[in-house]
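Here the structure is laid out as structure tokens; the discussion comes afterwards.
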Amino acid sequence: MTVLSGKDLPRDGEALQGTALHARLERTWGDAPGFWGWLTTTDHKKIGRRYMVTAFVFLALGGLLAMAMRAQLARPENNLMTPDRYNQLFTMHGTTMMFLFAVPVMEAMAIYLIPLMIGTRNISFPRLNAFSYWMYLAGGSLLWVAFLLNIGPDAGWFSYTPLSGPQFSPGKRTDIWAQMVTFTEVAALAVAVEIVATILKQRAPGMTLARMPLFVWTMLVVALMVIFSMPSVALGSSFLISDRLVGTHFFNAMERGDPLLWQHLFWFFGHPEVYIIFLPGAGFVSHITETFCRRPVFAYPAMVLSLVTVGLLAFGVWVHHMFATGLPRTGYAFYTAATMAVAVPSGIQIFCWIATLWDGRPVFKVPLLYVVAFIFTFVIGGLSGVMLASVPIDLQVTDTYFVVAHFHYVLVGGAVFPLLGAIAYWFPKVTGRMMGEGLGKLSFWMIFLGFQLTFFPMHLLGLWGMPRRVYTYPTGLGWDEMNFLATLGSVALAAGFVLYIVNALASMARGAVAGPNPWDAAGLEWATASPPPQYNFPHIPVVTSRTPLWDNRNHLPVMTGLRADDRELLLTTVMEAIPDLREPSALPTIWPLAAALSTTCLFIASIFTPWAVVIGAFPVAAALIAWFWPKSPLAPEPIVE
Amino acid sequence: MSALPPKFEGDLAELPTTAYGHRSLTWWGVVAFFLIEGTAFALAIGSYFFLQGVEDSWPPQPWKPADLLAGTLFTITILLSEIPNTIVKRAAERKDVATVRRWMLILVPIFALLLVFRAFEFNSLNVKWDDNAYGSILWALLVLHVTHIATDIVDSLVLTGLVFTKHAAEDRRLVDIAENAMYWRFVWLTWLPIYLLIYWVPRWVS
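In order, the protein sequence lines correspond to chains A and B. Residue -9 is where the first sequence starts when you use our numbering, and the numbers rise one by one after that. Residue 752 is where the second sequence starts when you use our numbering, and the numbers rise one by one after that.
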């Protein structure tokens, strides 16, 4: 086949720009109309939005479970629910929040934002992206349908053996949990691969690694962490399900297996998971702080090095979740030191943000309020984390409400507050309309104060000895008032979330029209229309600094020459982002959905018979072959229409 | 529509549309999957030593180590398969479709032979997966590797079919074939430590 030179084809440039170019690119990058287009799209923005909405549905469901638990604990010796139901509630709450909300929502933000931030037309491997969404949806639906059928898992979000093994958890509850893990790991790993390839190969010309936006840096580190940590829980849950289904003995001490192997495999994933959730939050905070302080983030190199350090240290601290299982003395010393060391890069980041606020001219709009809430809450959670790194304290408060307070301060403070700020911040980009400030501030204060009222008393309850994961407590232990306060706080917190969602929906319908760059921000995502067209940018932008839109106030430097009649991406070199290749981007297709459906059948059937893995492999293989089977190249369109 | 008027600073029209190795997106995708699967293998190997540490002897009494014949024949064959694999990879990189076609066909019976040896391997482990933790981890390592070898064989067969269609002339198919050959290297490289763990470590430490 002769390679057609760009000159022989319609392409963007002096001769083809403005509305004529827009019409061509809309046709090239558009989806089929209607429901079929919805099922087959490979557009990163549509899939990112879908991911985000689904994650928020799971947040609401997980929140309802939390409210039910707080209702049960509002007073001593309450009997709103049975202990069995309570076990399912806390298991479903943790599982939903960690596997179905926190990680997917961060990946959703990355799927939507990263191609815009680095100036490319679509994410890499867009069909894999579509596949990952369907897998995520199937895994989450499996878990929740099972819960509604009263076969929801009940052995905790970490499913410790031997409790979760065949002897103590008969029935299918734990199998549902283990397969849900497989679904979400497949989805998360697929997205991680796309993010790494997109960031390293598709950055706009001139966007060297040293000019990459900080959120892009955080997602590069996060995607690599996903790649190195998630295989651990996937392997562990496969071992668990095979112990339960075909009688292997990985975790069965009677046949020389070891339940602690499960804890190692789980926490080798589980601890990096916490930073996988927190680091994107740090990325949001950097962008919001920069825009609302009107100056670049203080000490960019220190920020990047801190991110990378946190990512590396994350793999050296998992055993601090296992202090209570007994370790050699050197083990205690090593994991305590490693855990405390995490405070150093985290502290550096906090000081950099404070310095940015200090030196800038902060404008306290809703997104920046969430940054302040983040700093306040995350510092408290970080300090209780340093306390827990000390073995004597950990042994005293392990499995008490002190730990519950700690990780909610870290996860809600470190990830959910920045996320809520980020949604308010990028809302105009995604919807084309501003999010209401009045309701925004009201919901902010309810969420912030409601959170503190819910979780601060849990520190005290934990120090006073109240254990986690127990469905009630007797009167007369001095825990009544604090529990009641926590329940009151949870009502305020939930009401704040409802207001936040109402505000978002109302603003989507009636908010002020935003325009491309309503905050006068510096990043490339603000150089295109709000909401962005399907092809993202009419011409590929060129970058010469870390704050491109602040340094080019009158025009956007661009490069031309990508085909307008076929989906083409620009690939650049890894370090310096020098233009290197024009590569095609995949067209919409139904096969990722078909592959996800056949994989879903395989995974669910394998809960009931191991032969499902063998028989189910055939439809999966058929769908994958159809997915990858090359299409005949499109005939070039005439240059002049 | 862009908010700011564009300022044209260069043109990309003459850039090539395919390249091999780290310049292509496919290569990065394949390498990322190496990292994922390599991590899974490393953790499975870690689990093997964790379980070995719990036992007094390895294999535990009275089991005897796996028989060597099938696994060793498999190992020799898969190592030798690298010769046609390298020929295919280099031919794809210099766009020599005739050589690619010939040597991909030669690989097909080698794949079949490997699958036969692998089937006999399960039979020569001398332990079932549900006998004890030793049996469980041996079967797990072998099954984990079967999924890789099966995936790559299916992949290679599809590509072998493709090179006999009109798509063979497309540069991108040759990139796919070169990356697939790289994946085959990963498949046999990961086998080498597993071969030692299944067949030799129980002989060395018991």
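We treat Cβ as the ideally placed atom computed from N, Cα and C, and that holds for glycine. It should be emphasised that the depicted structure is a prediction, and the values quoted were computed from it without experimental measurement.
{"Asked": "By the 7 Å beta-carbon criterion, what residues does the stretch 171 to 189 of chain A contribute toward chain B?", "Found": "Leu179, Val183, Val186 and Ala187"}
{"Asked": "Could you pull out every residue in the same chain whose Cβ sits closer than 6 Å to the Cβ of proline 609 of chain A, ignoring the five residues on either side in sequence?", "Found": "Ser588"}
{"Asked": "Please return the same chain residues whose Cβ sits closer than 8 Å to the Cβ of leucine 571 of chain A, not counting the five positions on each side in sequence.", "Found": "Leu560 and Leu561"}
{"Asked": "Quickly, what does DSSP pair aspartate 762 of chain B with across the bridge? List them, please.", "Found": "A/Thr550"}
{"Asked": "Would aspartate 556 of chain A be called buried (16 or more neighbouring beta carbons within 10 Å of its own) or exposed?", "Found": "buried"}
{"Asked": "Is it right to say glycine 164 of chain A is buried, meaning 16 or more other beta carbons lie within 10 angstroms of its own, or is it exposed?", "Found": "The question names glycine, but residue 164 of chain A is threonine in the sequence shown. Burial call: buried."}
{"Asked": "Under 8 Å: do the stretch 284 to 304 of chain A and the stretch 220 to 230 of chain A share three or more Cβ pairs, one atom per stretch?", "Found": "no"}
{"Asked": "Report yes if the C-beta distance between proline 661 of chain A and glutamate 760 of chain B is below 7 Å; otherwise report no.", "Found": "Nothing can be reported for residue 661 of chain A, as the shown portion of chain A is limited to -9 through 631."}
{"Asked": "At the 7 Å Cβ level, is valine 334 of chain A part of the contact set with chain B, yes or no?", "Found": "no"}
{"Asked": "Are the Cβ atoms of glutamate 573 of chain A and leucine 776 of chain B separated by less than 7 Å?", "Found": "yes"}
{"Asked": "Can you give me the C-alpha to C-alpha distance between valine 938 of chain B and valine 264 of chain A, rounded to a whole angstrom?", "Found": "32 Å"}
{"Asked": "What does DSSP give as the partner residue(s) for glutamate 16 of chain A in the beta ladder?", "Found": "The partner list for glutamate 16 of chain A (beta bridge, DSSP) is empty, contrary to what the question assumes."}
{"Asked": "Is any beta-carbon of chain B found at less than 7 Å from that of proline 156 of chain A?", "Found": "no"}
{"Asked": "Take aspartate -2 of chain A as the anchor and find which of A/Arg553, A/Arg14 and A/Ala607 has the nearest alpha-carbon.", "Found": "A/Arg553"}
{"Asked": "Using the Cα positions of aspartate 470 of chain A and serine 276 of chain A, report the straight-line distance between them to the nearest angstrom.", "Found": "41 Å"}
{"Asked": "Using the Cα positions of phenylalanine 873 of chain B and serine 228 of chain A, report the straight-line distance between them to the nearest angstrom.", "Found": "19 Å"}
{"Asked": "Starting from threonine 562 of chain A, follow the beta strand (DSSP E) in both directions and report where the run begins and ends.", "Found": "558 to 562"}
{"Asked": "Where does tryptophan 124 of chain A land, buried or exposed, given buried means 16+ other C-beta within 10 angstroms?", "Found": "buried"}
{"Asked": "Using the three-state DSSP reduction, which class does arginine 39 of chain A fall into: helix, strand or coil?", "Found": "helix"}
{"Asked": "Whose Cβ in chain A lies nearer than 7 Å to the Cβ of proline 767 of chain B?", "Found": "Leu571"}
{"Asked": "Determine, for proline 286 of chain A, whether the minimum Cβ-Cβ distance to residues of chain B falls below 7 Å.", "Found": "no"}
{"Asked": "So valine 376 of chain A packs on alanine 333 of chain A, CB below 8 Å; how close in whole Å?", "Found": "5 Å"}
{"Asked": "Can you tell which of B/Leu831, B/Asp762 and B/Glu844 has its C-alpha closest to the C-alpha of asparagine 931 of chain B?", "Found": "B/Glu844"}
{"Asked": "Just the C-alpha distance for leucine 866 of chain B and glycine 789 of chain B, rounded to the nearest angstrom, thanks.", "Found": "22 Å"}
{"Asked": "Distance, Cα to Cα, methionine -9 of chain A vs alanine 842 of chain B?", "Found": "With a pLDDT of 41 at methionine -9 of chain A, under the threshold of 50, the predicted position of this residue should be treated as unreliable, though the coordinate-derived value follows. Cα-Cα distance, rounded: 17 Å."}
{"Asked": "Determine the extent of the beta strand (DSSP E) in which aspartate 570 of chain A is found, giving its start and end residues.", "Found": "569 to 574"}
{"Asked": "Would you say the stretch 79 to 94 of chain A touches the stretch 5 to 23 of chain A, given that touching needs at least three Cβ pairs under 8 Å?", "Found": "no"}
{"Asked": "With 7 Å as the limit, tell me which residues of the stretch 114 to 144 of chain A have their beta carbon closer than that to any beta carbon of chain B; keep them in chain order.", "Found": "Ser114 and Phe115"}
{"Asked": "Any C-beta of chain B sitting closer than 7 Å to the C-beta of glutamate 245 of chain A?", "Found": "yes"}
{"Asked": "Under DSSP, the alpha helix (DSSP H) around methionine 99 of chain A begins and ends at which residues?", "Found": "93 to 107"}
{"Asked": "Whether or not the stretch 311 to 331 of chain A and the stretch 247 to 256 of chain A are in contact is what I'm after, with contact meaning three or more pairs of Cβ atoms, one per stretch, closer than 8 Å; do they touch?", "Found": "yes"}
{"Asked": "On the CB-based measure, 16 or more other CB atoms within 10 Å of its CB, does alanine 502 of chain A come out buried or exposed?", "Found": "exposed"}
{"Asked": "Check whether the Cβ atoms of valine 95 of chain A and alanine 178 of chain A lie closer than 7 Å to each other.", "Found": "no"}
{"Asked": "What does arginine 774 of chain B touch in chain A if you count any residue whose Cβ is under 9 Å from its own?", "Found": "Lys191, Leu561, Thr563, Asp570 and Leu571"}
{"Asked": "Given arginine 111 of chain A, which residues of its chain have a CB within under 6 Å of its CB, disregarding the five upstream and five downstream residues?", "Found": "Tyr525, Asn526 and Leu559"}
{"Asked": "When you compare the CB positions of tyrosine 461 of chain A and proline 203 of chain A, do they come within less than 7 Å of one another, or not?", "Found": "no"}
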